[in-house]
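Numbering (the numbering used here), first residue to last: 696 to 745.
Right under this line is the structure:
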């Protein structure tokens, strides 16, 4: 996958607990809405271009 993550992504996923998005080609700033994903316990995001 390539491109930016939507800046609103944290608002859409408040119950997300696990996110694996390593080894893609995401770039740009990390979405400022991510703190709204309050159930997130684990995130794996290596090998991107944030």
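The beta carbon of each residue, even a glycine, is placed where N, CA and C say it ideally should be.
Practice prompt. Mark residue 715 as exposed unless 16 or more other C-beta atoms lie within 10 angstroms of its C-beta, in which case mark it buried.
Written response: With fewer than 16 Cβ atoms within 10 Å of its Cβ, residue 715 is classed as exposed.
Worksheet item: What does a CB cutoff of less than 7 Å around residue 734 pick up in its chain, not counting 5 residues either side in sequence?
Response: Taking residue 734 as the centre and dropping the five residues before and after it, the same chain places the C-beta of 709, 710, 711 and 712 closer than 7 Å to its C-beta, in chain order.
Item to complete: Indicate whether residue 720 and residue 737 have their beta-carbon atoms separated by less than 7 Å.
Response: Not a contact, by the Cβ cut-off of 7 Å.
Worksheet entry | Beta-carbon proximity list for residue 703, same chain, < 7 Å, skipping 5 on both sides | Within the same chain, residue 703 has close Cβ partners 728.
Practice prompt. Can you check DSSP and say which residues form a bridge with residue 713?
Written response: Answer is 737, bridged to residue 713.
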